[in-house]
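Novice: Chains as they are written, first to last, in our numbering: chain A, 8 to 140; chain B, 8 to 140. Structure provided below as structure tokens; questions to follow.
Protein chains: 2
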Amino acid sequence: MTPSEGKSGFGHGERITEAEYAVMEVLWDRPRQTAAEVCEEVCGARGWSLATVKTLLSRLVQKGALASEPDGRRFLYTPLVAREAYVGGESRRLVERLFGGNAASLVAHLAETEALTPADLDEIEALLKELRP
Amino acid sequence: MTPSEGKSGFGHGERITEAEYAVMEVLWDRPRQTAAEVCEEVCGARGWSLATVKTLLSRLVQKGALASEPDGRRFLYTPLVAREAYVGGESRRLVERLFGGNAASLVAHLAETEALTPADLDEIEALLKELRP
DNA sequence: GCGCAAGGTTTACATCTGTAATCGACACAA
DNA sequence: TTGTGTCGATTACAGATGTAAACCTTGCGC
Numbered sequence: 008m009t010p011s012e013g014k015s016g017f018g019h020g021e022r023i024t025e026a027e028y029a030v031m032e033v034l035w036d037r038p039r040q041t042a043a044e045v046c047e048e049v050c051g052a053r054g055w056s057l058a059t060v061k062t063l064l065s066r067l068v069q070k071g072a073l074a075s076e077p078d079g080r081r082f083l084y085t086p087l088v089a090r091e092a093y094v095g096g097e098s099r100r101l102v103e104r105l106f107g108g109n110a111a112s113l114v115a116h117l118a119e120t121e122a123l124t125p126a127d128l129d130e131i132e133a134l135l136k137e138l139r140p
Numbered sequence: 008m009t010p011s012e013g014k015s016g017f018g019h020g021e022r023i024t025e026a027e028y029a030v031m032e033v034l035w036d037r038p039r040q041t042a043a044e045v046c047e048e049v050c051g052a053r054g055w056s057l058a059t060v061k062t063l064l065s066r067l068v069q070k071g072a073l074a075s076e077p078d079g080r081r082f083l084y085t086p087l088v089a090r091e092a093y094v095g096g097e098s099r100r101l102v103e104r105l106f107g108g109n110a111a112s113l114v115a116h117l118a119e120t121e122a123l124t125p126a127d128l129d130e131i132e133a134l135l136k137e138l139r140p
């Protein structure tokens, strides 16, 4: 496999870390924000300083996960990796690692450990119906 | 909160890392093995030396994830954390982080990105029927 | 009895991560 | 024009992680 689709300079081994992920979330939510704006969104919640956000932004740009477009003398940051792609990658990664690639096992596990509420089950059921009319 | 339920010396913030996980797998598969035996299982695949395995075993014992039972002058290592518990924890963690705690979203995502084969769908369907007769 | 191999323990060390402080350029107000 | 606040870039530094060598003890073969 490894069709390397969506490869935009990212995707190799460059993993997005937990802290970096928090920053990505802000930008996925609304792209083209400055460091200060991103900070406004996360610094409070995570107890970070602006400096920290700047570091994370830089690292993400280096990794090719973000694009930095100059706007006057500051930069606007925008995700280069789609949230879908990232989330999908991480999910598949987990399924691979913990369930030998068998996604159904994951669902089974979630169900068994009661991580799935009745509402979840309803949703999934609806989903299935939708996927196979 | 922090009910610290299931706390058997483990479970706090002590996370099992990727490398450590490889070792755990071997022992979950067959408990009570020596360092050398574990190495035989993983050293080849991961290109590790026995020393590396020893380090990982020690760290896991420290973390309370493994028990070391003396057997003559060596130790037999056995998991203290059940695979189920670990896998469940990691799964819930991912669902929390990437899907805001909504497990159904995960399933939806897997389905949308075609990470779910028709066979998977069958399995899940069967599962649902089982879960809610 | 003695040296060696096998075991665990200690120490090592490069990366990666989290979290910032500091530095240098520069736009803008006074 | 000079000071000041603002940016990104550079540097810092502790803790986690991956990977392993060095070390110390001790059972076993000779």
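C-beta: ideal position from N, C-alpha, C; glycine also. Since the model is a prediction, treat every value here as computed from it, not as a measurement.
Determine whether the Cβ of T24 (chain A) lies closer than 8 angstroms to any Cβ atom of chain B.
Specialist: No, T24 (chain A) lies away from the interface with chain B (no Cβ there is under 8 angstroms from its Cβ).
Novice: Once you ignore the five residues that flank T141 (chain B) on each side, which residues in its own chain have a CB closer than 7 angstroms to its CB?
Specialist: Look at the range of chain B in this structure, 8 to 140, and you will see that residue 141 (chain B) is not part of it.
Novice: Please work out which residues of its chain come closer than 6 angstroms, Cβ to Cβ, to L113 (chain B), disregarding the five sequence neighbours upstream and downstream, and give them in chain order.
Specialist: The residues are V102 and F106.
Novice: Is the separation between the beta-carbon of V68 (chain B) and that of F17 (chain B) shorter than 8 angstroms?
Specialist: Cβ distance not < 8 angstroms, so V68 (chain B) and F17 (chain B) don't count as in contact.
Novice: Could you confirm whether any beta carbon from chain A is found closer than 8 angstroms to the beta carbon of V114 (chain B)?
Specialist: Yes, contact with chain A.
Novice: R139 (chain A) touches chain B at which residues, Cβ-Cβ below 7 angstroms?
Specialist: Result: L128.
Novice: Looking at the structure shown, is E121 (chain A) part of a helix, part of a strand, or coil, going by DSSP?
Specialist: Looking at E121 (chain A) - three-state DSSP - the assignment turns out to be coil, as it is neither helix nor strand.
Novice: Quick one: which residues of the segment 46 to 77 of chain B get their C-beta closer than 9 angstroms to a C-beta of chain A? List them in chain order.
Specialist: Flagged: no residues at all.
Novice: Give the straight-line distance between the Cα atoms of E25 (chain B) and C46 (chain A), rounded to the nearest whole angstrom.
Specialist: Spanning the two alpha carbons is a distance of roughly 31 angstroms.
Novice: Going along the chain, which residues of its own chain have a beta-carbon closer than 6 angstroms to the beta-carbon of R81 (chain B), five neighbours each way excluded?
Specialist: Result list for R81 (chain B): T41, in chain order.
Novice: Using a C-beta cutoff of 8 angstroms, does F17 (chain B) count as contacting chain A?
Specialist: No, no contact with chain A.
Novice: Just checking my contact of L63 (chain B) with L128 (chain A) at CB under 8 angstroms: how many whole Å lie between their CB atoms?
Specialist: Not confirmed; about 38 angstroms, so no contact.
Novice: Closer than 7 angstroms, Cβ to Cβ, to anything on chain A: give me those residues from the segment 88 to 100 of chain B, in chain order.
Specialist: Cβ contacts with chain A come from V94, G95, E97, S98 and R99.
Novice: Looking only at DSSP bridge pairs, what is P38 (chain A) linked to?
Specialist: In DSSP, P38 (chain A) forms no bridge with anything.
Novice: Per DSSP, what kind of secondary structure is R81 (chain B) in: helix, strand or coil?
Specialist: R81 (chain B): strand per DSSP, three-state reduction.
Novice: Going straight from the alpha carbon of G96 (chain B) to that of D78 (chain A), what length do you get?
Specialist: Rounded to whole angstroms, G96 (chain B) to D78 (chain A) spans 43 angstroms at the Cα level.
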